[in-house]
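All remarks here apply to the structure that follows.
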Amino acid sequence: MHKQLHSAVGTIALFEFHENIRNWWLLTYCAAFLVLGVLITSVGSADPLRASASLLNLVLLLVPLFSLVFGSLSFSEALSFHAVLVALPISRRDIFLGKWLGLGTGLTLSFVIGIGLGALWQLHLSRTGLGSYLLLLALGVVLTFVFLSIAFLMVNLARRRELVFGWMLLLWFSVFVLYDLLIMGIVLVFGEYPLEVPMLLAVLANPIDLARVIFLLHNDLSAMMGYSGAVFQQYLGEATGIGVAGASGLLWVLVPFVLGLRRFQRRDL
Amino acid sequence: MITIRNVRKRYRKQTVLNDVSLHIPAGEIFALLGPNGSGKTTLLKLLLGLVHPDGSGTMHIAGASIVGERAYRRQIGYMSQWPQYPPHLTVCELITLFAQLRNAKGVHTEALLEEMQMRAFWQKPFGELSGGMAQKVNIVQCFMFNHALFILDEPTAGLDPHTAFYLKRLIRERKKSGATLLFTSHVMSEVDALADHMALLVDGTVSVVTSPAELKQAHHTTSLEEAVHHVWRSVSDA
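Read top to bottom, the protein sequences are chains A and B.
Just so we're aligned: the first sequence equals residues 1 to 269 in the working numbering.
Just so we're aligned: the second sequence equals residues 1001 to 1238 in the working numbering.
Printed below as a string of structure tokens:
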């Protein structure tokens, strides 16, 4: 029984992966990282660390946006197919997990190939630069799964399928742009009060900020940090800070995934 | 084979099924009729676990309760109304996927492929198929195994006459081999030719359970369409 469960998840994930690697949007996503990655690493080749930091902004911009939009559209368009799968003797959990794994693997592969070929272009990376590059890849992969989980949750919460795309763009805009503006506004207005703990929580509450802080803490680039990141470094120190941020990242993957799964198990198809 | 008692289903404020009770004997071809929005598809989906029932109604297949279960679906073949499979997977990959998910090799796959002349588009992505071709894929995935129960939602919709004829033959063959078949349809000639018994759903309630011949006789007509029309009108007027 247990073995069968795993084989259903694996089968769905494999076919989902095959479905997605032929999708033009995923190929475009890969090409965008390849072209922009090569461009950025070529321009910043004198300082690999700076090049990685520039690539970070690209990753923080594109990975959440594409994972949200592609993930939500892929899931909502497959709802009729999910109904046929549910009519088979397999559980909704297997279908949800298989879809998540297959789609996540496709997105991850596109991202890693795109940005990884950029790194190959830059063969003379120093050791420091290589470490930052690998961290950047890891953060991109985690962000992919974070926003894929959020996309799956949102699709299963939405009552009207046609609004999902708009919701995803709004969510991305909120976490990428509005959130930092809000934090800056709070700092300006309440600057006289002790804001360390609220700022720490604010960083943990936004996976994009979290990824940025992890990267900057690891590379000791405090000059590039915003107020929240500086507080994070001061309050927790580098090792603890990265540990807390890593655990928060994991929660950002798991919590929306579990909530989305519960909703999918209860919904009518 | 199938026993449904006091099943209810609401979508938000709309009651789709209201206290539905129905018994479908084993080994029969049973048609579920009703106007659009009468709850036919919802009833099929309830039997497949795609939608969740409200309240305390019960549903049994082959004597076992099915609410919250999934193992019973091993014995069911299901044909949805409009097949929407992943567009980039080929027909070959889709059929393989269904076989792998059932952990079995389709016993009738080759015969079905030959009869419906599907070899020509075996390697074509599903998204490039016409509506009729897509429905053929739907037929193969449903009928490639020897199930005890087949649930078919408007199975001949969008099919060319040759495939529709072949599908009706398949339905009769499966009945001969002991399977039970439950289908919905708006084509009365099809129901008349296939169904042993039928139920009429109107406004989420079962109005009549009878055989096509009995219904025609009761309304003094040779046309099942006319007989069904009389029933719907009398229910609506009431």
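Every residue gets a Cβ at the ideal spot worked out from N, C-alpha and C, and that includes glycine.
query = Is there a Cβ from chain A that is less than 8 Å from the Cβ of B/C1049?
reply = Looking at the sequence itself, residue 1049 of chain B is Gly, so the reference to Cys does not match. At least one chain A Cβ lies under 8 Å of B/G1049.
key: C-alpha distance - B/A1104 paired with B/V1140, whole-angstrom precision   = 14 Å
request  = Scan the segment 63-148 of chain A and note each continuous alpha helix (DSSP H) run of 4 residues or more that stays entirely inside, going in chain order.
outcome  = 79-86, 92-121
task = List the residues of chain B that A/N272 touches, going by C-beta distances under 7 Å, in chain order.
result = Nothing can be reported for residue 272 of chain A, as the shown portion of chain A is limited to 1 through 269.
key: Identified DSSP bridge partners for B/M1059   = B/I1004
key: Whether B/V1187 touches B/T1222 by CB criterion (8 Å)   = no
request  = Report yes if the CB atom of A/P64 is closer than 8 Å to the CB atom of A/L136, and no otherwise.
outcome  = no
key: Environment of B/V1067 [buried if 16+ CB atoms lie within 10 Å]   = exposed
request  = Please say whether B/L1182 and B/G1039 have beta carbons closer to each other than 8 Å?
outcome  = no
task = Say whether chain B places a C-beta atom closer than 8 Å to the C-beta of A/L88.
result = yes
request  = Return the CA-CA distance between B/H1219 and B/L1089, expressed in angstroms with no decimal places.
outcome  = 50 Å
query = What's the C-alpha gap between B/G1077 and B/P1083?
reply = 14 Å
key: Which listed residue (A/G10, A/I242, A/L73, A/L130) has its alpha carbon closest to that of A/F215   = A/I242
ask   = Once you ignore the five residues that flank B/V1228 on each side, which residues in its own chain have a CB closer than 8 Å to its CB?
value = L1033, M1188, L1200, L1215
query = Name the chain A residues that come within less than 8 Å of B/R1074, Cβ to Cβ?
reply = P89
key: From B/L1094, B/D1019, B/A1031, residue whose alpha carbon lies closest to that of B/D1054   = B/D1019
task = Measuring only between beta-carbons, confirm whether B/S1080 sits less than 8 Å from chain A.
result = yes
task = Note down, in chain order, all residues in the segment 137-154 of chain A with a beta-carbon under 8 Å from any beta-carbon belonging to chain B.
result = none
request  = Output the boundary residues of the alpha helix (DSSP H) element that contains A/I40.
outcome  = 24-43
query = Does the separation of the CB atoms of B/T1058 and B/R1005 fall below 8 Å?
reply = yes
key: Delimiting residues of the alpha helix (DSSP H) encompassing A/Y179   = 179-189
ask   = Going straight from the alpha carbon of A/M184 to that of A/L200, what length do you get?
value = 14 Å
ask   = Which of helix, strand or coil does DSSP assign to A/H2?
value = Reliability fails at A/H2, whose pLDDT of 46 lies under 50, so the model's placement of it is uncertain and the value that follows must be treated cautiously. In this structure, A/H2 counts as helix in the three-state DSSP scheme.
ask   = Using the C-alpha atoms, what's the distance from A/V9 back to A/H2?
value = A caution first: A/H2 carries a pLDDT of 46, below 50, which makes its placement in the model unreliable, though a value can still be read off. Answer to the nearest angstrom: the Cα atoms are 11 Å apart.
key: Top-ranked residue by Cα proximity to A/F17, from A/L68, A/G106, A/P207   = A/G106
key: Under 8 Å between C-beta atoms of B/A1148 and B/T1180   = yes
request  = Please report how far the alpha carbon of B/T1163 lies from the alpha carbon of B/C1142, in whole angstroms.
outcome  = 15 Å
inquiry  = Tell me which residues share the same chain as B/I1029 and place their Cβ nearer than 7 Å to its Cβ, disregarding the 5 neighbours each side in the sequence.
reply    = I1171, K1175, L1181, L1194, A1195, D1196
query = Looking at the structure shown, is B/H1162 part of a helix, part of a strand, or coil, going by DSSP?
reply = helix
key: Collapsed DSSP secondary structure at B/Q1217 in the structure displayed   = helix
Neighbouring residues, chain D, relative to A/T11 (Cβ below 9 Å) = Protein chains in the displayed structure are A and B, and chain D is not among them.
key: Top-ranked residue by Cα proximity to B/R1073, from B/N1146, B/R1012, B/T1184   = B/N1146
message = Could you check whether the Cβ of A/L5 sits closer than 8 Å to any Cβ belonging to chain B?
response = Unreliable positioning characterises A/L5 in this predicted model, as indicated by a pLDDT of 46, which lies under 50. The coordinate reading is nonetheless provided below. No - not a single Cβ of chain B is within 8 Å of the one on A/L5.
query = Would a C-beta distance cut-off of 8 Å place A/F280 and A/G260 closer than the cut-off?
reply = As displayed, chain A neither begins before 1 nor continues past 269, which places residue 280 of chain A out of reach and without an answer.
query = Three-state secondary structure (DSSP) at A/V253?
reply = helix
request  = Return the chain-ordered ranges of every alpha helix (DSSP H) run that is complete within the segment 1031-1076 of chain B and spans a minimum of 4 residues.
outcome  = 1040-1048
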